[in-house]
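Written out below as structure tokens is the structure these notes cover.
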Amino acid sequence: MLKKIIVIGGATCSGKTEISVELSKLFPVEIINFDSMCFYKYFDIGTAKPDNETRASVKHHLIDVKYPDEEYNARMFSEDAAGLIEEITSKGKTPLFTGGTGLYMKSLIYGLSPIPEIDKSVYRRKAVELIKKIGITAAYEKLKEFDPEYAGKISSCDSQRISRAYEVYSATGHPLSYYLAENPFGRPLYDYIYFNLNPPRDYLKSRITERTRIIMENGLVNETESILNRGYKADLKPFRSIGYRESLMYLQKEIKTENDLYLKIVSSTVKYAKRQATFFKKTENAMEVNFTDLNRKLGFIAKTVEGFL
RNA sequence: GGCGGCAUAGCCAAGCGGUAAGGCAGAGGUCUGCAAAACCUCUAUACCUCGGUUCAAUUCCGAGUGCCGCCU
């Protein structure tokens with residue numbers, strides 16, 4: 028008997044937080060975040076984390092669980108999620124997953140291939156150095172030799188995936204595709220119900236515009252500086268995320284004015300929302316919710332959840 | 001008022017005597033431990049105006065217009 032979970036996915040600004048909180052008033056749930064940047068402490072304003080009041084009203088998990096220089100990834104998430112599902116279910120409640128990171132949702136529902144833990148400080152560094160040394164094209168040619176199957180699936184310019192393939196092969200002696208074959212993402216691990224919040228693009232754009240304005244007013248640039256002042260380096264992962272990356276450029280004078288900064292963040296966010304929407308609509312059994320009116324949205328989702336539980 | 005520079009798609013920008021790169025923006029997509037990342041595909045009859053030279057001008061010449069510098 029698979030455990031029941033509720034998943035609410037959707038692009039940034041699609042209203043996931045709001046609907047999750049409303050649902051928590053109707054059903055005994057605890058919320059588990061799967062926005063990859065909300066795991067990190069101190070990155071508060073730019074990630075638009077739920078505020079303290081919201082977090083006091085219903086239990087939220089996996090927010091602020093890592094320091095900015097700590098490793099967190101899809102594997103760790105799926106393990107944490109499995110533990111939380113166990114814990115919440117045993118209390119007679121239902122886990123409600125809310126977030127926008129497609130890969131994390133996928134690894135939650137289907138699990139990941141059993142690739143052994145790899146020491147990144149050794150093997151990833153080696154992979155990155157090799158690519159830097161021989162060039163991405165030559166690296167891809169070599170990948171074709173030891174893992175032609177995976178090479179065939181990715182672009183010859185995809186530095187991250189080429190690097191990953193190298194790190195897996197050099198650490199384990201097996202090509203990445205060897206492991207991928209073991210879990211073709213066929214069987215869900217949970218009895219899940221999944222809502223894809225997908226409002227019309229224009230509506231989403233106007234929400235993004237508005238939220239970016241608020242984020243900047245709330246002091247995004249100051250927050251970026253204050254994280255740096257804590258001693259965290261600008262090349263850490265969360266600094267590569269939308270809003271922070273641009274703020275860093277602004278602080279380094281690569282972006283000249285606050286208005287340019289604002290426009291750049293809006294533009295990056297809109298593109299990101301597009302990528303998210305592409306990912307989420309592909310998920311099996313997705314129930315697309317495109318109303319913009321909260322009551323209609325909630326009405327539909329609540330009714331569906333009621334039938335599911 | 002004088003001198004010089006510039007004028008190419010929504011924006012930036014290369015270039016050439018034989019009708020023109022690229023980037024951004026736009027649209028769609030990919031995704032198995034970096035995923036707010038990384039990557040892929042598609043997309044525009046755009047050369048300021050008017051004359052001249054030439055087989056042929058966006059490219060050369062002249063005038064005009066506009067913008068930007070410098071000088072008075």
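This note's numbering puts the first residue of the first sequence at 28, with every later residue one more than the last. For every residue, glycine included, the Cβ atom is placed at its ideal position computed from N, Cα and C. Source: prediction; values computed, not measured.
- Runs of the alpha helix (DSSP H) lying entirely within the stretch 163-236 and spanning at least 4 residues, in chain order: 163-173, 175-180, 186-199, 203-207.
- Counted as a single uninterrupted DSSP element, the beta strand (DSSP E) harbouring Gly36 occupies residues 31-37.
- A distance of 8 Å or more separates the beta carbons of Pro202 and Tyr193.
- Judged by DSSP in its simplified three-state form, Thr121 adopts strand.
- Annotated three-state conformation of Glu315 is strand, per DSSP.
- Taking 8 Å as the cut-off, the beta carbon of Gln303 is found no closer than this to the beta carbon of Gly73.
- Ranked by Cα distance from Thr310, the first of Gly126, Leu53, Tyr221 is Tyr221.
- The three-state reading of DSSP puts Asn79 in helix, counting H, G and I together.
- Taking 8 Å as the cut-off, the beta carbon of Ile328 is found no closer than this to the beta carbon of Ile90.
- Tyr167 and Ser204 do not touch by the CB rule: their CB atoms are close to 15 Å apart, not below 8 Å.
- Proximity to Asn225 across Ala313, Thr331, Leu50 peaks at Ala313, based on C-alpha coordinates.
- Measuring C-alpha to C-alpha distances from Thr236 to each of Phe66, Ala154, Cys40, Gly119 identifies Cys40 as the nearest.
- In this chain, Val293 is not harboured by any beta strand (DSSP E); it is covered by the alpha helix (DSSP H) spanning 285-309.
- Assignment of Asn322 by DSSP, reduced to helix, strand and coil, places it in the helix class.
- Per DSSP, the continuous alpha helix (DSSP H) segment holding Val248 begins and ends at 247-256.
- If you draw a 10 Å sphere on the C-beta of Lys324, you find 16 or more other C-beta atoms in it, and that means buried.
- Listed in chain order, the non-local C-beta contacts of Ile115 below 6 Å within the same chain comprise Glu57, Pro122, local neighbours out to five positions each way being set aside.
- Assigned with DSSP and collapsed to three states, Lys93 falls in strand.
- The straight-line gap separating the alpha-carbon atoms of Asp174 and Thr44 is approximately 42 Å.
- The stretch 263-282 and the stretch 248-255 touch, with no fewer than 3 CB-CB distances between them shorter than 8 Å.
- Non-local C-beta neighbours of Ala154 in its own chain, meaning closer than 6 Å and more than five positions away in sequence, comprise Ser190, Tyr193, Glu194, ordered along the chain.
- Between the alpha carbons of Asp287 and Ser140 lies a gap of roughly 43 Å.
- Contact annotation: Asn60 and Thr125 have beta-carbon atoms nearer than 8 Å.
- Distance check between Glu97 and each of Lys330, Tyr230, Asp262 places Asp262 closest, using alpha-carbon atoms only.
- Only residues of its own chain outside the window of five on either side were considered, and among them Ile235, Thr236, Thr239 have a CB closer than 7 Å to the CB of Val293, listed in chain order.
- The distance from the Cβ of Asp218 to that of Lys30 is about 7 Å, consistent with a contact at the 8 Å cut-off.
- For Ala83 and Ser51, the gap between their C-alpha atoms comes out near 12 Å.
- Going by DSSP, Glu57 is part of the beta strand (DSSP E) stretching over 56-60.
- Excluding the 5 residues flanking it on each side, Ser295 has same chain C-beta neighbours closer than 6 Å at Ile269, in chain order.
- Around Ser253, the same chain offers Tyr69 as residues with beta carbons nearer than 8 Å, after the five sequence neighbours per side are excluded.
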